[in-house]
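Everything on this sheet refers to the single structure shown next.
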Amino acid sequence: MSANIERFRTSYAAAFRSYALAPSEAALRTAYELGRNAVGQGLSMLDLAVVHHDALLLALRRASGVDEAVQLTRLGGEFFLEAISAFEMVQRGFREARDSALLERRHAMMLRQLSNLLADASLALDASDSLQEMLQLVAEQARELIGADHCLATVTLAGHRHSIKAISSSATDAGATAFVASHSRPELLPGGRLATPLTALDGRELGSIQLFGRHEGEFTEVDEAVLVNLAQMAAAAVERAWLYQQASYAPKG
């Protein structure tokens with residue numbers, strides 16, 4: 169790995185750590201400047217995503233519990249989206265980037281709203297339906313954020329014989345919805361496929377989020393980065409809900 173990326177990795181991790189300790193607009197602006205610096209150093213969007221993932225993973229390993237992990241994941245989403253909005257602005261040029269920045273800010277707002285919903289204890293306290301409800305919310309938001317025809321989100325938990333599935337599709341395409349729900353190879357749907365795993369803090373794979381059929385063109389690196397961030401939030405929320413459920417079923421005494 170080049171010296172440029174190593175220096176950038178160190179700066180990014182330190183800036184994110186500062187933002188996580190004391191979130192503020194001033195600290196968030198640092199993410200924007202880091203995005204500009206990434207372009208100046210010749211780093212790619214994938215480089216930026218890898219650096220962010222490493223910084224977030226380091227912070228999560230130091231988290232004192234699931235609640236802190238959920239908070240770190242939410243803050244990580246805000247920080248990363250600010251960085252890639254700057255990256256896109258410099259890379260594409262001012263006129264295109266102005267529209268892109270508005271879209272990224274809309275995405276950031278939606279992700280913040282989603283993270284608040286996922287962190288809401290009321291979702292986790294409904295032992296019978298919480299995971300299904302949460303997964304459906306994730307599927308709907310992922311499809312809308314990235315602009316895909318269909319989203320299939322799945323979770324398989326220890327002790328459960330069957331996976332929990334949630335599907336979100338365009339209202340006008342019931343046939344493809346049924347195909348996604350039942351077919352063993354939904355990637356055969358036209359329009360491309362984008363997928364990322366839901367991974368627990370200890371590295372266990374809890375499930376996945378898959379998108380099919382982008383509305384315009386092919387799935388991009390930005391789409392992948394947004395989906396990975398959403399998957400991190402979803403995985404933390406699934407673990408939190410599962411812990412609440414286990415606690416609710418534990419013998420009292």
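Residue numbering for the sequence shown follows my numbering, beginning at 169 and increasing consecutively.
Heads up, the beta-carbon is just placed ideally off N, CA and C, and yes, glycines get one too.
Proximal residues to residue i (C-beta, below 7 Å), its chain only, five neighbours per side dropped
i	result
Ala403	Leu366, Thr367, Ala368 and Leu374
Ser179	Leu202
Ala292	Note that Ala292 scores a pLDDT of 48, beneath 50, so its modelled location is shaky and nothing firm can be said.
Asp391	Ile314 and Leu362
Val323	Leu299, Leu303, Ser331, Ile332, Leu366, Leu374, Gly375 and Val406
Cβ neighbours of residue i in the same chain (closer than 8 Å, five flanking residues each side left out)
i	result
Glu255	Per the sequence shown, residue 255 should be read as Phe rather than Glu. The answer, listed in chain order, is Gly203, Arg204, Ala206, Val207, Met213 and Leu216.
Leu240	Ala188, Leu224, Ala227, Leu228 and Ala231
His221	Val396
Ser192	none
Beta-carbon proximity list for residue i, same chain, < 6 Å, skipping 5 on both sides
i	result
Ser338	Asp317
Ala181	Ala223
Ala399	Thr364, Leu366 and Ile377
Thr388	none
Ala307	Cys319, Ala321, Ala334 and Ser336
Glu250	Leu196, Ala199 and Tyr200
Phe247	Phe184, Tyr187 and Ala199
Reference residue i; option with closest CA among the options
i	options	result
Ser298	Lys333, Ile314, Leu225 and His220	Lys333
Phe176	Ala190, Ala199 and Ser192	Ala199
Leu379	Ala310, Ser192 and Gly385	Ala310
Ile252	Val394, Val406, Gly385 and Arg185	Val394
Ala171	Ser192, Glu246 and Gln209	Gln209
Arg185	Leu243, Ile173 and Val234	Leu243
Leu313	Ala183, Ala237, His383 and Ala195	His383
Ser159	Gly315, Leu305 and Gln300	Given that the chain is displayed from residue 169 to residue 421, the structure contains no residue 159 and the question cannot be resolved.
Gly385	Leu303, Ala237, His220 and Gly315	Gly315
Asp370	Val219, Ala183, Glu193 and Gly233	Gly233
Met302	His221, Ala183 and Ala405	Ala405
Glu174	Val218, Ala194 and Ala190	Val218
For residue i, three-class secondary structure by DSSP
i	result
Glu117	In the structure displayed, the chain extends from 169 to 421; residue 117 sits before or after that span and is not available.
Asp370	coil
Arg408	helix
Gly245	helix
His330	coil
Leu325	coil
Ser253	helix
Met401	helix
For residue i, the first and last residue of its enclosing beta strand (DSSP E)
i	result
Thr198	Where Thr198 is concerned, there is no enclosing beta strand (DSSP E), although the alpha helix (DSSP H) it sits in stretches over Glu193 to Gly208.
Contact test: residue i Cβ vs the ligand GDP heavy atom, cutoff 7 Å
i	result
Ala404	For the structure depicted, the ligand GDP is absent and the ligand set is empty, with no information on it obtainable.
Where the alpha helix (DSSP H) through residue i begins and ends
i	result
Leu303	Ser298 to Ile314
Ala227	Met213 to Arg229
Ala183	Ala171 to Leu189
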